[in-house]
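This report refers to the structure that appears directly beneath it.
Residue numbers (my numbering), protein chains in the order written: chain A, 151 to 474; chain B, 151 to 474.
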């Protein structure tokens, strides 16, 4: 039986989700829901676009909604609201506010008898899962997360906020010497500066002062001041040509020991497109959410609560005979 | 509350499990059970050793048994037998016979109202989990598993079976050029020979013919004939000095695409001691089995069926606020 999926929001994540649903053998895209004028939205596929205001009418026609809004303002409101009516999946990634978001969504989903997976993607998401599994297996150990090389949209936006900046792309880059020390089971204590560097490609207005802008970037608290940051000034053409994609990735490592014997667990991702990879995780989890709901497992869930087999379109027998 | 764990069998895996239980903040070793004379078994810890014949008497005193016997003859009999009386975890790793073993254990565990996790470890186990997750996330892709560098005990035993061989240690080694082709998202079709090589360290009897033994190894069907195999003749002293440990590890990779964008998921392990790492996985899953049983989830389970949070001693709140 096909699972009918709705997409809420049609930005990068929504477009990636559309692609991921088309690639899935058992999922069907039931519709895209937008706050914009539906006629102004042109999906890649032949999918109808509806106004968010009409969403409630589709209560019986959609098995799960994938929420593709942002964590800053969309999801804290949208996920609890929609979890009363639909099974949902979101990618809420403001780490510090996860407990609060979980509580809100849990209450709403339970009220509606629905299942809501929150904070799904690769981090939070797959990386969280590996952090949990590896700590549980090697209690005597240290876990390290490195991000990149990849574009951080938050940092790119922060640079764009500086006066005289036209456009910017910021890459987070893990330091290979830190990665190697972890892989060598040295269990180093690493400062923020020792783990990552930041590379900024910046387009500035004619006549703007590059020295002032470089200083403003490098001393920006939270975003750059704790890092070794390199700033490259380039033209808009170069930025469009060489930095159009949104690649990302990273590494989770656990270096642990059983007595004198040392062990290393490493998980890494390399993505040409961060939004398309994230959408692919959301889409697999959408399948799991529908199944959990059918089994009466309602309320808020994270990747920690979902058996892996629920993410697959294959039966238990198939999985055991081919992948175990 | 402390979970009381029993160990069945005290070979390498049993010893590793003893260590893993001691490292766990919430587990207590209730006893070691052996088919040998209990007085001949000397555990590292201060744990009582009992005869297997007395196991049934401990029905009320043990929450879960970790079965540390072999897959060839012990577990096919032991796991279904004991799953009628106890929650159990085993490391059954004869891939081809997993469906049959699952069915036998499932029936027994359901009869007894018990929960039985089978085929737990790193492969089958963690590697299976990554194969399943990564396929579910990237349906358009290819999965690759490489083993090593590490000691294969089955291959070492096969060499020891040859006339004139006193002792042997066989290492399975992944080919770096194959790994690199996969990492480059070339999605190569790889033959057995292209994925791994085999290195054999062999001690022979005085007067035995090394040429004949080398030929017998290299042409042995299933074990060596499909591989590029290198044979080194060394002394027993050298073998004891340089090859005493049982290191292992490997790689699971999925190279996939969302349209024109390529993505790579990679998971790897490097273990100083294969039995101690495997035991650490068994021990984390023992915790999960007890919890599943309390929740009424009885029957046979694999790593595919177990939510990751069940492997941890931490609460859901702690996990969400620290690891998600």
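Where is the CB? At the ideal position from N, CA and C, for every residue including glycine.
Item: Interface partners of residue 411/B on chain A, CB under 7 Å; Value: 422, 423, 426
Item: Own chain residues within Cβ distance below 6 Å of residue 166/A, not counting five before or after; Value: 425, 426, 429
Item: Inter-residue spacing [alpha-carbon to alpha-carbon] between residue 266/A and residue 175/A; Value: 22 Å
Item: Anticipated Cβ contact below 8 Å, residue 351/A with residue 382/A, distance rounded; Value: 5 Å
Item: Selection from 344/A, 322/A, 321/A that minimises the alpha carbon distance to residue 107/A; Value: Here chain A covers residues 151 to 474 and nothing more, so residue 107/A does not appear.
Item: 9 Å Cβ cut-off: residues of chain C touching residue 225/B; Value: You won't find chain C in this structure, because its protein chains are A and B.
Item: Supposed close pair residue 249/A, residue 462/B - CB separation, criterion 8 Å; Value: The pair is not a contact, with the Cβ atoms about 17 Å apart (cut-off 8 Å).
Item: Chain B contact residues for residue 169/A, given Cβ-Cβ distances below 8 Å; Value: 408, 409
Item: C-beta neighbour in chain B for residue 249/A, strict 8 Å; Value: yes
Item: Coarse secondary structure for residue 242/B, derived from DSSP in three states; Value: coil
Item: Residue 348/B, DSSP secondary structure in three states; Value: strand
Item: 8 Å Cβ cutoff met for residue 456/A and residue 275/A; Value: no
Item: Within chain B, partners of residue 452/A - CB distance below 7 Å; Value: 470, 474
Item: DSSP state of residue 332/B mapped onto helix, strand, coil; Value: helix
Item: Opening and closing residue of the alpha helix (DSSP H) in which residue 287/B lies; Value: 276–287
Item: Assigned secondary structure, residue 177/B (DSSP; H/G/I helix, E/B strand, else coil); Value: strand
Item: Residue span of the beta strand (DSSP E) that contains residue 214/B, given as start and end; Value: 214–217
Item: Reduced DSSP secondary structure (H/G/I, E/B, other) of residue 412/B; Value: strand
Item: Run of the alpha helix (DSSP H) containing residue 392/B, from where it starts to where it stops; Value: 386–392
Item: Stretch pair the stretch 201–211 of chain B + the stretch 395–406 of chain B: three plus CB contacts closer than 8 Å; Value: no
Item: Spatial distance of residue 216/A from residue 433/A (CA atoms); Value: 7 Å
Item: Environment of residue 440/B [buried if 16+ CB atoms lie within 10 Å]; Value: buried
Item: C-alpha gap between residue 223/A and residue 242/A, whole angstroms; Value: 10 Å
Item: Where residue 417/B meets chain A, residues with beta-carbon distance less than 9 Å; Value: 280, 415, 416, 417, 418
Item: Partner residues on chain B for residue 467/A, Cβ-Cβ distance less than 8 Å; Value: 249
Item: Beta-carbon neighbours of residue 263/A, restricted to chain B and to distances below 9 Å; Value: Residues of chain B passing the Cβ test: none, with the nearest at roughly 20 Å.
Item: Candidates 355/A, 370/A, 408/A, 431/A: closest to residue 384/A by CA position; Value: 355/A
Item: Residue 157/B - partner residues in DSSP beta bridges; Value: 182/B, 216/B
Item: When 336/B, 363/B, 272/B are compared against residue 315/B, the one with the closest alpha-carbon; Value: 363/B
Item: DSSP bridge partner residues for residue 314/A (one or two, in chain order); Value: Answer by DSSP bridge pairing: none, since residue 314/A is not bridged.
Item: Counted within 10 angstroms of its Cβ, other Cβ atoms place residue 226/B as buried (16 or more) or exposed; Value: buried
Item: Nearest neighbour of residue 280/B, chosen from 404/B, 326/B, 312/B, 256/B [CA to CA]; Value: 404/B
Item: Residues that DSSP places opposite residue 305/A in a beta bridge; Value: Paired residues: none, contrary to the question.
Item: Proximity test, Cβ basis, 8 Å: residue 221/A and chain B; Value: no
Item: Residue burial classification, residue 152/A (beta-carbon count within 10 angstroms, cutoff 16); Value: exposed
Item: Counterpart residues of residue 322/B in DSSP-defined beta bridges; Value: 300/B, 348/B
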